[in-house]
Amino acid sequence: MAGYILIQALNGLTIGIIYAVIAAGLTVIFSILKIVNFAHGELYMMGGYFSYFAISLFGIPPLLAVIVAMLVSFALAVLVERTLLTPLYSPTTERKGDYGILITFGISIFLRNIALIIFGPYPLRPPSFFSGALIAGPLIMTWDRVFAGGAGIAMLIALVWFMNNTPWGEALNAVSQSRESAAIVGIDDQRFYMLAFGLGGALAGGAGALVGPMYSLSPSMGLIPDTQAFAIVILGGMGSVAGSIIAGLLIGVSESMFVALFPDPSRSLTYAQAFSLVILMIVLLVRPTGLFGRVHTSME
Amino acid sequence: MRALSWCGGLALVVAILAFPFLVNAYWLSVGVLAMFYAIVAASWALLAGYAGQFSFGHMAFVSLGAYTSGLLVKWFGIPVPLGMIAGVAICAAVGSGVGFVGLRMRGPYLALFTVAFSEVLRIVFVSEVEITGGSGGLEVSPLFHTRSDLPYYYLGVILLAASLAVMLALVASRWGLFFRAIRENEDAAAAGGVKVMRFRVLAFAIASAFAGLGGGYFGHYIGILTPDIGSVDQMGLVVAMAVIGGAESIIAATIGALGLEFLVEALRSYGQWRLVLFGALLLLTMRFARNGLLALAWDQVRRVDRMRTGKAAREVAE
Amino acid sequence: MMPVPPAAATACLIEARGLTKRFGGIIAVNALEFAVHPGELVGLIGPNGSGKTTTINMLTGHSKPASGEIYVRGRRADGLAASAFAALHVGRTFQITQLFSRMSVLENMLVPGLARPHSTRSAVTHAARQHLEFLGLAALEKLQAKNLSGGQQKLLELGRALMLDPDILFLDEPFAGVNPFLRDEIIVLVQKLHAQGRTFVIVDHDIQALQRLVLRLAVMSRGQKIADGPVAEVRENQEVLRAYAGI
């Protein structure tokens with residue numbers, strides 16, 4: 001039994017890291033564009049499919065496919081941003097908040113339906129990155145899962161490094177703190193919105209690519225991780241990648257534990273989805289000021 | 301101009317009333333669904349567009365109303381209209397609850413919360429198979445014991461008309477002013493003595509009640525009720541209907557719903573692509589014609605009219 | 619100067635005792651004692667960040683005090699919602715003009731009027747038009763509020779507060795960013811309203827304008843009230859001069 005719990009906990013950790021990556025992307029988008037991106041889960045979903053098709057159509061090796069998926073997700077996100085999100089920065093747009101909600105909700109519906117057409121409604125299972133599993137004592141974990149966790153951590157580290165050590169990243173930080181002061185210093189705002197949304201999309205897409213072999217792909221796979229990501233950002237992220245990670249691990253582990261310990265096995269899977277939604281609802285109730293309680297994005 | 305809108309309105313009313321005699325049975329059933337979606341889209345427009353409370357949980361109340369009515373009729377044998385009323389009452393109560401709980405949240409957080417709420421409810425309906433029949437469906441007693449959709453259609457027209465009458469009366473009243481004030485600026489509304497909390501909850505209660513009404517109507521028509529009606533995709537469809545029509549006008553949202561529902565069926569041969577099309581239409585409308593296509597069309601008509609009267613005035617001057 | 623009714627020695631219109639507000643670790647308002655009597659015209663000044671707007675927010679229900687009490691006409695009012703303060707005939711304007719942008723000028727006026735119990739549409743519309751006439755906005759009745767000029771918007775906001783039939787009006791920086799012509803107009807309007815018997819507490823940085831208007835000046839610095847009395851006295855107060863020299 002202890003072994004089972006341990007395995008579930010470790011699975012939870014892995015999925016928590018994935019959630020943290022998604023949440024980090026969400027945070028970048030929030031802090032720069034100041035919107036709640038309802039389409040984030042769909043960018044995650046598309047990344048998963050991009051990776052799958054990179055492997056099956058172009059024969060790209062699985063590890064490289066993740067990178068490809070991230071790049072294509074970046075491009076998709078930038079395309080979405082350029083065509084649909086520019087009114088958010090225009091002074092003539094009224095009620096930007098409402099616009100942000102409706103347009104990203106619309107984008108999520110649109111992407112989900114496109115995916116349904118192109119990929120079909122049935123779940124797809126991408127091939128494993130690695131075959132076999134890591135066995136250490138009572139612990140069994142597929143190499144895919146280990147890889148996903150490791151790659152997720154690598155993505156987070158890369159993000160932090162980018163934000164702190166490159167001119168683009170630091171400028172992103174500056175813009176996130178205050179759009180007005182960034183404009184005074186002479187930074188071209190528009191490209192940063194592109195970069196921010198693209199980066200957020202790339203992180204989401206990368207997470208989706210990592211998750212594919214573990215949990216399979218479907219057009220509606222984005223909803224639950226998206227919800228988790230929101231809960232994470234509100235709970236612990238607030239612009240802090242370290243906070244995202246901790247909150248992500250917490251939520252990932254508790255979700256795993258919930259599934260493992262839920263008394264009624266026939267319902268445990270469906271109610272597991274509800275669990276994450278309830279977490280979000282509770283978080284929103286407890287911290288209603290949510291994401292904009294702190295404007296500054298500091299990457300620790 | 302006045303004459304044009306009166307003519308247009310009259311033509312629409314006549315078309316709606318005469319509709320069943322102009323089309324075959326298939327399109328009549330589409331008409332029934334169109335009435336359903338119109339009630340749901342109009343009430344969503346009231347809540348989100350008019351009162352400014354963005355809720356993506358509206359379909360949850362549709363399904364709640366449907367399941368409540370269906371189950372009460374099934375278990376206790378009460379007449380269907382009574383079941384529908386009970387559904388409306390439950391939705392008003394739960395809607396108030398959601399509204400109350402959502403008071404601390406603004407804008408996108410309220411939207412997030414209502415999405416989560418909607419999905420949780422859908423999951424409960426899917427999971428509790430013994431009670432609801434889950435994804436296999438729940439058998440719901442029909443409203444009318446005929447094979448024809450005719451009575452359903454006219455009932456739908458009556459329900460829609462009644463719902464619109466109530467909503468429009470609300471909008472014209474001082475309550476309508478308060479809703480708009482809250483939408484425009486909550487702090488200024490509060491400083492002006494408007495009991496913001498009370499009216500936000502009220503907006504939720506009223507809109508959810510109408511959603512429940514639509515749900516009951518739908519359930520007792522469709523005969524087999526599944527949790528899908530409360531899905532995010534259905535919500536997306538309703539949002540598209542309202543926004544494309546014009547989210548801040550109840551009439552525009554109604555027309556949007558009627559139009560889009562017929563379009564959905566007219567394009568049936570395109571299968572899944574229809575929904576992609578609607579998604580694209582929604583995005584384009586938001587991006588380029590934020591007040592909805594009806595407002596856009598109206599503006600164009602007005603512009604043409606002004607040019608005409610301008611030309612006439614100039615001709616007179618000469 | 620218009621004749622001013624003598625401030626009643628006993629009945630306070632609005633009173634703050636030990637009012638405190640914290641934001642995170644910062645104490646924005648520190649144990650404030652402040653009383654306003656019917657018929658007064660009080661100026662509230664102080665450097666930026668001294669807690670003036672926070673004080674007004676608490677005294678109008680837009681912000682909950684961390685501790686302390688507020689009395690309106692002798693009855694406890696702290697903790698009440700902003701709409702409750704409005705119902706108690708406490709009106710206010712905001713630092714950044716807060717209007718119902720996409721509603722017409724008349725509708726902006728109707729909202730607070732119709733929010734009052736036992737109000738009828740016709741009576742409220744009539745009163746609204748009278749106030750608009752008084753403010754010189756009558757011709758703009760049908761315009762959307764967002765299409766008014768900045769100065770007109772400020773006047774409309776004042777009008778909206780007047781619809782509450784307020785006994786006391788808190789004006790938060792009415793002269794901010796306002797041209798001299800409009801400033802004079804606002805001063806005249808306030809004086810006329812004051813002569814009608816309304817009480818005013820005005821926060822602003824334009825001390826010249828305030829001196830033409832008010833008889834009593836209260837000064838805040840870093841959350842504390844450092845002076846409160848007749849204008850001439852306060853002007854000489856060393857602490858006040860020091861506080862302002864720091865700007």
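Chains as they are written, first to last, in this note's numbering: chain V, 1 to 300; chain L, 301 to 618; chain B, 619 to 865. Glycine residues also receive a C-beta, built at the ideal position from the N, C-alpha and C atoms. All of these numbers come straight from a predicted model, not from anything done at the bench.
Of all residues in the stretch 253–277 of chain V, only Arg267, Thr270, Tyr271, Gln273, Ala274, Leu277 place a beta-carbon less than 8 Å from a beta-carbon of chain L.
A check of alpha carbon separations from leucine 10 (chain V) across V:Ile157, V:Gly169, V:Thr142, V:Val175 identifies V:Thr142 as the nearest. Residues of the stretch 468–500 of chain L with a C-beta less than 8 Å from any C-beta of chain B: Arg474, Leu477, Phe478, Arg480, Ala481, Glu484, Asn485, Asp487, Ala488, Ala489, Ala490, Ala491, Gly492, Gly493, Val494, Lys495, Val496, Met497, listed in chain order. Taken residue by residue, none of the stretch 143–158 of chain V has a beta-carbon sitting less than 9 Å from a beta-carbon on chain L. Annotated three-state conformation of isoleucine 804 (chain B) is helix, per DSSP. For alanine 589 (chain L), no Cβ of chain V is located within less than 8 Å of the residue's own Cβ.
Under the Cβ criterion of 8 Å, phenylalanine 192 (chain V) is not counted among the residues facing chain L. Per the DSSP secondary-structure output, arginine 635 (chain B) pairs in a beta bridge with B:Glu687. Contact of serine 427 (chain L) with chain V by beta-carbon distance below 7 Å involves Arg267, Thr270, Tyr271. For alanine 746 (chain B), none of the residues of chain L pass the 9 Å Cβ criterion, the least Cβ distance being about 12 Å. Looking at L:Gly493, L:Gly357, L:Phe356, L:Phe479, the one whose alpha-carbon comes closest to that of histidine 680 (chain B) is L:Gly493. The beta carbon of glutamine 842 (chain B) sits no closer than 8 Å to any beta carbon of chain L. A Cβ-Cβ distance of about 5 Å is found for the pair phenylalanine 356 (chain L) and methionine 535 (chain L), placing them in contact under the 8 Å criterion. For tyrosine 517 (chain L), the closest Cβ of chain V is not nearer than 8 Å. According to the DSSP secondary-structure assignment, glycine 709 (chain B) is paired through a beta bridge with B:Leu787. Looking at the backbone, the Cα of glutamate 561 (chain L) and that of serine 767 (chain B) are separated by about 44 Å.
Annotated three-state conformation of methionine 676 (chain B) is helix, per DSSP. Inter-residue distance for glycine 25 (chain V) and glutamate 791 (chain B) is about 41 Å (C-alpha atoms, whole angstroms).
Around isoleucine 232 (chain V), the same chain offers Tyr19, Ala20, Ala23, Ser244, Ala247, Gly248, Ile251 as residues with beta carbons nearer than 7 Å, after the five sequence neighbours per side are excluded. Neighbours of leucine 116 (chain V) across chain L, judged by C-beta separation under 7 Å: Gln572. With contacts defined by Cβ atoms closer than 8 Å, histidine 707 (chain B) and aspartate 785 (chain B) form a contacting pair. In the DSSP assignment, proline 848 (chain B) falls within the unbroken beta strand (DSSP E) covering 842–848. Between the stretch 485–492 of chain L and the stretch 718–733 of chain B, the count of Cβ pairs shorter than 8 Å is three or higher; the stretches touch. Counted as a single uninterrupted DSSP element, the beta strand (DSSP E) harbouring methionine 141 (chain V) occupies residues 139–142. Taking a cut-off of 8 Å on C-beta distances, the stretch 269–278 of chain V does not touch the stretch 392–410 of chain L, as fewer than three cross pairs fall below it. Between the alpha carbons of phenylalanine 504 (chain L) and arginine 834 (chain B) lies a distance of about 47 Å. Sorting B:Gln842, B:Val723, B:Ser839, B:Val852 by C-alpha distance to the C-alpha of leucine 828 (chain B) places B:Val852 at the top. If you look at isoleucine 232 (chain V), you'll find it in the alpha helix (DSSP H) that goes 223–232.
Taking 8 Å as the threshold, the shortest C-beta distance from isoleucine 550 (chain L) to chain V does not fall below it.
By the Cβ-count criterion, histidine 744 (chain B) is exposed, with fewer than 16 other Cβ atoms from all chains shown falling within 10 Å of its own Cβ. Among the residues of chain L, those whose CB is under 7 Å from the CB of arginine 720 (chain B) are Glu484, following chain order.
Of the candidates B:Ala741, B:Ser685, B:Met727, B:Met727 places its Cα closest to the Cα of leucine 750 (chain B). In the DSSP assignment, methionine 46 (chain V) is bridged to no other residue. Excluding its 5 nearest sequence neighbours in each direction, serine 463 (chain L) has C-beta neighbours in its own chain below 6 Å: Ile339, Phe510, listed in chain order.
Not a single C-beta of chain L is nearer than 8 Å to the C-beta of alanine 827 (chain B).
Using a Cβ-Cβ cut-off of 9 Å, arginine 734 (chain B) is close to Gly493 of chain L, given in chain order.
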